[in-house]
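Q: Handing you this structure, nothing more for now.
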Amino acid sequence: MQRRALLLLLLLILQPLIPPIAAIPASNVPSARIVGGVPVDISSVPYLVNLRNNGAFICGGSLISPSHVLTAAHCVKGVSAGLLQVVAGATLLSSQTGMRSGVAKVYVPKAYNTRTLHSDVAVLKLKTPLQGNNIATIPLCNVSLKAGELIRVSGWGQLTEFAKPVSQHVRSVEVNLVSRKNCISQYRMRGTITSTMFCAAASGGKDACDGDSGGPAVYQQQLCGIVSWGVGCARRNSPGVYTNVKTVRSFIDKALAL
């Protein structure tokens, strides 16, 4: 009995040190997080692409030029470019429609931190430009984010935190931007909100979830965020965390020029 009590005490002491449930690297398991959203046709989000590792779906991404995709670093870090494939213009994961391209090069910033997910961004240079029906690029963010405003998140992620299979149909959800102060406060003792991150959440069980990582967070028709991590999916006081595109813009511009 004393041994059991000691173990429980040890767990309570160590709990603040346990890292948050993040969007786990694609090389290990399906990555992070659309809960509470609605099914949409890819024609309404033509910039959205799905990323495959050796044929298996791992993450979302955004087409920022016909030959470049923006996604999360944790989706592709350590994965050979030769194993990656990008699919555009397809509403269903199982669809044989759409256009596919291999990946020629993966660019991840030196500042990327696998523990905190600081600078969680990657640029994929494609072997074949993606153009065609229901395929379009999206401009990078050049506006300031305002707390309370809505952003649109899209992807094929899990429909609930505990529903392991990802959605076969692309879905979208609108969530509210959370002030930096509130986000830092809500994640105190559970994770680090770094300078390259912003948060968004909504009441009524809406959030991104496992499988949505790397996907777009769109504000005023511009790509302002990349789905990165969070604690669970749609949990109260646990907003979704996104890479702020404006803060990593210099890296993106350099990668596009290579």
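Read in order, the letters of the sequence shown correspond to residues -23 to -1, 1 to 235 in mature numbering (1 follows the signal peptide of the UniProt record, and there is no 0). All C-beta atoms in this analysis are idealised placements derived from N, C-alpha and C, irrespective of residue type, glycine included.
1) Considering only DSSP beta bridges, list what Met174 is partnered with.
2) How is the beta strand (DSSP E) around Lys82 delimited, first residue to last?
3) Where does Val46 fall in DSSP's three states?
4) Taking Leu61 and Val80 to be in contact with their CB atoms under 8 Å, please state how far apart those CB atoms are, rounded to whole angstroms.
5) What residues in its chain sit with their C-beta under 8 Å from that of Ser4, if we drop five residues either side in the sequence?
6) For Leu47, verify whether its CB is less than 7 Å away from any heavy atom of the ligand FMN.
7) Of the choices Ile229, Ala58, Val26, Thr173, whose alpha-carbon is the least far from that of Gly109?
8) Output the distance between the C-alpha atoms of Leu107 and Met166, rounded to the nearest integer angstrom.
9) Can you give me the Cβ contacts of Val64 inside the same chain, cut-off strictly under 7 Å, excluding the 5 residues immediately before and after it?
10) Secondary structure at Lys54, three-state DSSP: helix, strand or coil?
11) Starting from Leu200, trace the beta strand (DSSP E) in both directions and tell me its first and last residue.
12) Could you work out which residue in Thr105, Ala58, Tyr196, Ile229 is closest to Gly32 when comparing CA atoms only?
13) Counting along the chain, where does the alpha helix (DSSP H) carrying Leu233 start and finish?
14) Here's a check: name, in chain order, each residue in its chain whose Cβ is nearer than 6 Å to the Cβ of Ala124, leaving out the five neighbours to either side.
15) Helix, strand or coil: which one does DSSP assign to Ile35?
16) Once the 5 residues before and after Leu70 are set aside, which same chain residues still bring their CB inside 6 Å of it?
17) In angstroms with no decimal places, state the Cα-to-Cα distance between Gly207 and Thr173.
18) Please list, in chain order, all residues of the same chain as Val218 whose beta carbon is under 6 Å from its beta carbon, the five residues on each side excluded.
19) Can you tell me whether Thr220 is buried or exposed, with buried defined as 16 or more other CB within 10 angstroms of its CB?
20) Starting from Lys102, follow its DSSP beta bridges and name the residues at the other end.
21) For Asp97 versus His51, is the C-beta distance shorter than 8 Å?
22) Starting from Ser131, trace the beta strand (DSSP E) both ways and give me its first and last residue.
23) Determine the burial state of Leu200: buried for a count of at least 16 other Cβ atoms within 10 Å of its Cβ, exposed for fewer.
24) Going by DSSP in three states, Pro(-5) sits in which element: helix, strand or coil?
A: Result, derived from the coordinates:
1) Bridge partners of Met174: Thr220.
2) Unbroken beta strand (DSSP E) run through Lys82: 76 to 84.
3) Reduced to three states, the DSSP call for Val46 is strand.
4) Their Cβ separation, rounded to whole angstroms, is 4 Å, which keeps Leu61 and Val80 in contact under 8 Å.
5) At Ser4, the pLDDT of 36 sits below 50, so the modelled position is not reliable; the number obtained from the coordinates is stated separately. Only Asn30, Lys54, Gly55, Val56 meet the Cβ criterion.
6) The ligand FMN is absent from the structure shown, which contains no ligand whatsoever.
7) Comparing Cα-Cα distances from Gly109 to each of Ile229, Ala58, Val26, Thr173, the minimum goes to Val26.
8) Computed Cα separation, rounded: 43 Å.
9) Same-chain partners within the cutoff: Val26, Asn27, Arg29, Gly75, Arg77.
10) It is coil, neither helix nor strand.
11) It spans 199 to 206 - the beta strand (DSSP E) in which Leu200 sits, taken as one unbroken run.
12) Out of Thr105, Ala58, Tyr196, Ile229, Ala58 has the C-alpha closest to the C-alpha of Gly32.
13) Annotation: the continuous alpha helix (DSSP H) that includes Leu233 extends over 226 to 234.
14) Around Ala124, the same chain offers Leu154, Ser156 as residues with beta carbons nearer than 6 Å, after the five sequence neighbours per side are excluded.
15) Here Ile35 sits in strand by DSSP.
16) Spatial neighbours of Leu70 in its own chain (CB-CB distance under 6 Å, excluding positions within 5 residues in sequence) are listed in chain order as Phe34, Trp133, Gln145.
17) For Gly207 and Thr173, the distance between alpha carbons rounds to 15 Å.
18) For Val218, the CB contacts under 6 Å within the same chain, skipping 5 residues up- and downstream, are Met174, Cys176, Ser205, Trp206, Gly207 in chain order.
19) Buried, because 16 or more other Cβ atoms sit within 10 Å of the Cβ of Thr220.
20) For Lys102, which the question treats as bridged, DSSP gives the partners His45, Lys82.
21) Remark: C-beta atoms of Asp97 and His51 approach each other more closely than 8 Å.
22) First-last of the beta strand (DSSP E) with Ser131: 127 to 132.
23) Under this definition Leu200 is a buried residue.
24) Because Pro(-5) sits at a pLDDT of 40, beneath the cut-off of 50, its placement in the model cannot be relied upon, and the following sentence gives the value as read from the coordinates. Under the three-state reduction of DSSP, Pro(-5) is assigned to coil, being neither helix nor strand.
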